[in-house]
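Asker: One structure is given below, represented as structure tokens, and several questions about it will come after.
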Amino acid sequence: MAKPANLDPSEWVDRYGDYLFRYAMLRLRDRSMAEDLVQETFLAALKGRSSFSGNSSESTWLVGILKHKIMDHFRHEAREAPLADADLREQADPSSFDGAGHWAKGPTDWGGNPAELYREKKFLDQLTKCLAGLSPNHANAFTLREIEGADTGEICKVLNVTETNLWVILHRARMQLRQCLESRWFNRKTEKEP
Amino acid sequence: MLSCKDVTRLLSESMDHSLPFGKRIGVRVHLLMCKFCARYERQLLLIRETVRRLAAMEDTPGEPPGETLSEKAKERIRNSLTSP
Chain A
0 MAKPANLDPS
10 EWVDRYGDYL
20 FRYAMLRLRD
30 RSMAEDLVQE
40 TFLAALKGRS
50 SFSGNSSEST
60 WLVGILKHKI
70 MDHFRHEARE
80 APLADADLRE
90 QADPSSFDGA
100 GHWAKGPTDW
110 GGNPAELYRE
120 KKFLDQLTKC
130 LAGLSPNHAN
140 AFTLREIEGA
150 DTGEICKVLN
160 VTETNLWVIL
170 HRARMQLRQC
180 LESRWFNRKT
190 EKEP
Chain B
-2 MLSCKDVTRL
8 LSESMDHSLP
18 FGKRIGVRVH
28 LLMCKFCARY
38 ERQLLLIRET
48 VRRLAAMEDT
58 PGEPPGETLS
68 EKAKERIRNS
78 LTSP
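Sequences listed follow chains A and B, in order.
First residue of the first sequence: 0, per the numbering used here; consecutive thereafter.
First residue of the second sequence: -2, per the numbering used here; consecutive thereafter.
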């Protein structure tokens, strides 16, 4: 089969570089890591050009390669830094609950119409900052679950954890993320506009 | 009786798999009576929804990019492609 005419590596960086970088950044939260994986993706694509069937678009093909590399990166990180006791400790903020397990300080009312928040660039920036502030194991588990939409069985394999531990990690990640958004975004706003 | 601490843990778990019947009922009953836990659940679901929308936006080619590759990185990658 003839090679599709649009496969021109000299144009890849300008055409798809930013797109692939954005994709990688959302998942890795680290500029130099994201840059490296984008570069590796292009190099792998260059080597494997003959396997491009032309059935999918060039960008879909490239992002597929990048996705594999990101998964490998998560596997690698999980091997390098396995779960620590701190990752599994019961809750993010020990002051959230009293001794009987009741809220010591309950979640505050976020008010307004939070469902529209995804349109606010500044809110999304805070969200990604809060995500980057989690420990790598928490952030990676959350990313695989909520950004990749992977099921828990799949995530357990990638991160090499038991399902029970994964539930604990995801619970902690969600709790910390909620807490972070509350203090960085919602409380900040009420202070400004009392 | 489930405590708020138990319920927050179970609410998160219920976002990853379906809870056994008894626990599910326990959580629902608790939520009827506890405005903090009900609020907690709404906020977790909102975070999930917002993250999904963010991913859908960021993963669409051609959207105006937020984060972009630096010129330096582009140059480096271009060079690596022409002389691998």
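Glycine residues also receive a C-beta, built at the ideal position from the N, C-alpha and C atoms.
This one's a predicted model, so the numbers in the text were calculated from it and none came from an experiment.
Taking only the alpha-carbon atoms, compute the straight-line gap between methionine 24 of chain A and alanine 70 of chain B and give it to the nearest angstrom.
Answerer: Translated into the one-based positions of the first sequence, residue 24 of chain A becomes position 25. Translated into the one-based positions of the second sequence, residue 70 of chain B becomes position 73. Cα to Cα, methionine 24 of chain A sits roughly 14 Å from alanine 70 of chain B.
Asker: Does cysteine 96 of chain A come out as helix, strand or coil in the three-state DSSP assignment?
Answerer: In the first sequence, counting from the first residue as 1, residue 96 of chain A sits at position 97. The sequence given here has phenylalanine at residue 96 of chain A, not cysteine. In the structure shown, phenylalanine 96 of chain A sits in a strand (DSSP, three-state: E or B).
Asker: Does tryptophan 109 of chain A come out as helix, strand or coil in the three-state DSSP assignment?
Answerer: Position 110 of the first sequence holds residue 109 of chain A. If DSSP states are grouped into helix, strand and coil, tryptophan 109 of chain A belongs with coil.
Asker: Nearest CA to the CA of glutamate 72 of chain B: which residue from A:Gly98, A:Gly152, A:Trp11, A:Trp166?
Answerer: Here residue 72 of chain B refers to the residue found at position 75 when the second sequence is read from its first residue. Comparing Cα-Cα distances from glutamate 72 of chain B to each of A:Gly98, A:Gly152, A:Trp11, A:Trp166, the minimum goes to A:Trp11.
Asker: I'd like the list of long-range same chain contacts for alanine 131 of chain A, defined as Cβ closer than 6 Å, with 5 residues on each side in sequence excluded.
Answerer: What you label residue 131 of chain A is simply residue 132 of the first sequence in a count that begins at 1. Hits under 6 Å: Arg28.
Asker: Say whether the segment 100 to 107 of chain A touches the segment 62 to 79 of chain A, bearing in mind that this needs 3 or more beta-carbon pairs closer than 8 Å, one atom from each stretch.
Answerer: Counting Cβ pairs under 8 Å, fewer than three are found: no touch.
Asker: If we cut at 7 Å on Cβ distances, does leucine 123 of chain A have a partner in chain B?
Answerer: Counting from one through the first sequence, the residue named residue 123 of chain A turns up at place 124. So, interface residue.
Asker: For aspartate 84 of chain A, would you say it is in contact with chain B, using Cβ-to-Cβ distances shorter than 7 Å as the test?
Answerer: Translated into positions along the first sequence, residue 84 of chain A becomes position 85. Not an interface residue.
Asker: Are the segment 17 to 26 of chain B and the segment 158 to 171 of chain A touching, with three or more C-beta to C-beta distances below 8 Å?
Answerer: The segment 17 to 26 of chain B vs the segment 158 to 171 of chain A: no contact.
Asker: Since alanine 168 of chain A and aspartate 86 of chain A should fall inside the 8 Å C-beta cutoff, what is the C-beta to C-beta distance between them, to a whole number of angstroms?
Answerer: What you label residue 168 of chain A is simply residue 169 of the first sequence in a count that begins at 1. What you label residue 86 of chain A is simply residue 87 of the first sequence in a count that begins at 1. Sequence inspection shows isoleucine at residue 168 of chain A; the alanine mentioned does not correspond to that position. With 8 Å as the limit, isoleucine 168 of chain A and aspartate 86 of chain A qualify as a contact, their Cβ atoms being about 6 Å apart.
Asker: For proline 106 of chain A, return the contacting residues in chain B, with the cut-off set at a CB-CB distance below 8 Å.
Answerer: Here residue 106 of chain A is taken as the residue at index 107 of the first sequence, counted from 1. Correct list: Phe33, Arg36, Tyr37, Gln40.
Asker: Enumerate in chain order the residues of its own chain whose CB-to-CB distance from tryptophan 60 of chain A is below 6 Å, with the five nearest sequence positions on each side excluded.
Answerer: Looking up residue 60 of chain A in the first sequence gives position 61. Hits under 6 Å: Phe51.
Asker: Between phenylalanine 141 of chain A and leucine 45 of chain A, what straight-line distance do the alpha-carbon atoms span, to the nearest angstrom?
Answerer: Locating residue 141 of chain A in the first sequence gives position 142, counting from the first residue. Locating residue 45 of chain A in the first sequence gives position 46, counting from the first residue. In a straight line, the C-alpha of phenylalanine 141 of chain A is about 32 Å away from that of leucine 45 of chain A.
Asker: Just the C-alpha distance for leucine 180 of chain A and glycine 152 of chain A, rounded to the nearest angstrom, thanks.
Answerer: As a working note, residue 180 of chain A is residue 181 in the first sequence. As a working note, residue 152 of chain A is residue 153 in the first sequence. Whole-angstrom Cα-Cα distance: 28 Å.
Asker: Check this for me: beta carbons of histidine 137 of chain A and arginine 177 of chain A, under 7 Å apart or not?
Answerer: Sequence index remark: in the first sequence, residue 137 of chain A carries index 138 (1-based). Sequence index remark: in the first sequence, residue 177 of chain A carries index 178 (1-based). Contact flag unset, no.
Asker: Is the CB of aspartate 17 of chain A under 7 Å away from at least one CB in chain B?
Answerer: By 1-based counting over the first sequence, the position of residue 17 of chain A is 18. It does: the Cβ of aspartate 17 of chain A has a partner Cβ on chain B nearer than 7 Å.
Asker: Could you work out which residue in A:Asp35, A:Met174, A:Phe122, A:Pro135 is closest to arginine 74 of chain A when comparing CA atoms only?
Answerer: Reading the first sequence from its first residue, position 75 is the one you call residue 74 of chain A. Checking every option, the nearest Cα to that of arginine 74 of chain A belongs to A:Pro135.
Asker: Return no unless some Cβ of chain A is closer than 7 Å to the Cβ of alanine 53 of chain B.
Answerer: Looking up residue 53 of chain B in the second sequence gives position 56. No, alanine 53 of chain B lies away from the interface with chain A (no Cβ there is under 7 Å from its Cβ).
Asker: Out of curiosity, what's the CA-to-CA distance linking proline 113 of chain A and glutamate 55 of chain B?
Answerer: Here residue 113 of chain A refers to the residue found at position 114 when the first sequence is read from its first residue. Here residue 55 of chain B refers to the residue found at position 58 when the second sequence is read from its first residue. So the two alpha carbons sit approximately 20 Å from each other.
Asker: Given that leucine 78 of chain B touches chain A, what residues does it touch there, using C-beta distances under 8 Å?
Answerer: As a first step, residue 78 of chain B is located in the second sequence; it is residue number 81 there, counting from the start. Under the 8 Å cutoff, chain A gives Pro8, Ser9, Trp11, Val12, Phe41, Leu42, Leu45.
Asker: Could you tell me which of A:Val160, A:Glu39, A:Glu145 sits nearest to threonine 127 of chain A, measuring between CA atoms?
Answerer: Translated into the one-based positions of the first sequence, residue 127 of chain A becomes position 128. Selected option, being the one with the closest Cα: A:Glu145.
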